[in-house]
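A short write-up of the structure that comes next.
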Amino acid sequence: MKKRLLTLFCLVATVLLAACGVKKVDAGDHIKTTFTGLDTKGELVYQVDTQELVKEFLVANPKADAKTEAEVRVAATKVKVTPSKTEGLSNDDEITFTFSSDKDAEKYFNLPKETKVKVSGLKEAKKLTAEELAKITSLEVEGFNKGGRAEVHVTDSKLSFLRFKVENNGKLENGKDAKIVLDGNFANLLEDRGYVLEGDGSFTLPVKGLKTVAEKLDDAKNKDEIIAKLKEEVNKKFSGNDKVTFDKTYYRGLANNVDNSYSYGDEIVRGNGNLVMTLQVETSFGFKNVYAVGFTNLITNEEGKMELKDARVISTTYADFSTATQK
Numbered sequence: 024m025k026k027r028l029l030t031l032f033c034l035v036a037t038v039l040l041a042a043c044g045v046k047k048v049d050a051g052d053h054i055k056t057t058f059t060g061l062d063t064k065g066e067l068v069y070q071v072d073t074q075e076l077v078k079e080f081l082v083a084n085p086k087a088d089a090k091t092e093a094e095v096r097v098a099a100t101k102v103k104v105t106p107s108k109t110e111g112l113s114n115d116d117e118i119t120f121t122f123s124s125d126k127d128a129e130k131y132f133n134l135p136k137e138t139k140v141k142v143s144g145l146k147e148a149k150k151l152t153a154e155e156l157a158k159i160t161s162l163e164v165e166g167f168n169k170g171g172r173a174e175v176h177v178t179d180s181k182l183s184f185l186r187f188k189v190e191n192n193g194k195l196e197n198g199k200d201a202k203i204v205l206d207g208n209f210a211n212l213l214e215d216r217g218y219v220l221e222g223d224g225s226f227t228l229p230v231k232g233l234k235t236v237a238e239k240l241d242d243a244k245n246k247d248e249i250i251a252k253l254k255e256e257v258n259k260k261f262s263g264n265d266k267v268t269f270d271k272t273y274y275r276g277l278a279n280n281v282d283n284s285y286s287y288g289d290e291i292v293r294g295n296g297n298l299v300m301t302l303q304v305e306t307s308f309g310f311k312n313v314y315a316v317g318f319t320n321l322i323t324n325e326e327g328k329m330e331l332k333d334a335r336v337i338s339t340t341y342a343d344f345s346t347a348t349q350k
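Structure (structure tokens):
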């Protein structure tokens, strides 16, 4: 008896709803949006809030039966929208949501052609310009003028993850700017920390502090003094009983291929600021040997004079004078 009454009640309710019509609710009011990220780089997360949509329908249609409610819940899942833009957002941008047509959804909901939402709540980004990048970095140079190398160090701990490389590294020159470029894509890491890169991430830093060597021996204002010092070193190296015959004197400023990992013996060939004399030494026993003896790393000071404080004595032997030449 109770089952018959319940069935009859459901039939009556269905007839009444059909007779009175369903009161549709506006699906455009139930798009849930969240904006994340930074202003100008924001992203949209969205969904149709089906629970709230169904809830509003049931409030508007209190006499809806269980069958109708089940149909409404299914219909709510068929409400589909497409936003005009989901990334690269700025505050006050307007996002247009376009609704897809669906007959099941339209049976219970009003589906507008489109609805608009304004972007808000994005954090203002700190812009990293070329000038700002130059402020948070320093250049550590090594080597010789016109053949110098450098590394870039980040001085701001919040941005210590950034990596840079120096263009024309190995050819840097005092008094000129080195072009620095980002070595990798750091856009996401920057945004996570509230920064936005402005431009391509390149900037310049001045080059200074590279060691200077004279291009030619005649450029050194104290060349005669240095040559005399080298002869003193030669005389110290060999005993008083040896006969020393000087051949030629060679000078080279920068080596063609700078190598900072010299071994002692190869600096004749690879050293910078080299002053070398070739000579023959005849011992008291009559043995004759050809040597190249010199200074390497003869740095020139601001006065244009060669300094011996960082210089080293270098030497090697040769079969004869014809092979005793610097490359």
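If you use our numbering, the sequence shown closes out at 350, no skipped numbers anywhere.
Virtual Cβ for every residue (Gly too), placed ideally from N, Cα, C.
#1: Within its chain, find whatever has a CB closer than 8 Å to the CB of V71; leave out the 5 residues flanking it on each side and keep chain order.
#2: Pull up the DSSP beta-bridge partners for K188, would you.
#3: Where does G327 land, buried or exposed, given buried means 16+ other C-beta within 10 angstroms?
#4: With DSSP as the reference, please indicate the residues paired to D49 in a beta bridge.
#5: Taking a contact to mean a Cβ-Cβ separation below 8 Å, would you say V304 touches N297 in this structure?
#6: Consult DSSP for T73 and reduce its assignment to one of helix, strand or coil.
#7: Spatial neighbours of L156 within its chain, please: C-beta separation below 8 Å, excluding the five flanking residues on both sides.
#8: Please name the residue in S345, E290 and R335 whose C-alpha comes closest to that of T301.
#9: Quick one: grab the DSSP three-state call for S180.
#10: Quick one: Cα of T252 to Cα of K246, how far?
#11: Less than 8 Å between the C-beta atoms of K86 and E117, yes or no?
#12: From L277 to I322, what does the alpha carbon distance come to, in whole angstroms?
#13: Around the C-beta of F318, are 16 or more other C-beta atoms found within 10 angstroms, so that it is buried, or is it exposed?
#14: Would you mind stating whether N197 and K231 have Cβ atoms separated by less than 8 Å?
#15: Report all residues from its chain with a CB closer than 7 Å to the CB of L182; omit the five preceding and five following residues, and keep chain order.
#16: Leaving out five residues on either side along the sequence, give the residues of the same chain with a beta carbon under 7 Å from the beta carbon of E79.
#17: I'd like to confirm the pairing. Which residues does DSSP put opposite I118 in its beta bridges?
#18: Over the uninterrupted alpha helix (DSSP H) stretch that includes K246, give me the two end residues.
#19: Do L81 and L151 have their beta-carbon atoms positioned less than 8 Å apart in this structure?
#20: Out of L67, S180 and A83, point me to the one whose CA is closest to S143's CA.
#21: Spell out the partners DSSP gives K311 in its beta bridges.
In terms of the structure at hand:
#1: A50, H53, I54, K55, A99, V102, K103 and V104
#2: V204
#3: exposed
#4: N133
#5: no
#6: helix
#7: I203, G224 and F226
#8: S345
#9: helix
#10: According to the sequence displayed, residue 252 carries Lys and not Thr. Approximately 10 Å between the Cα atoms of the pair.
#11: no
#12: 11 Å
#13: buried
#14: yes
#15: I159
#16: V48
#17: V140
#18: K246 to K260
#19: no
#20: L67
#21: E305
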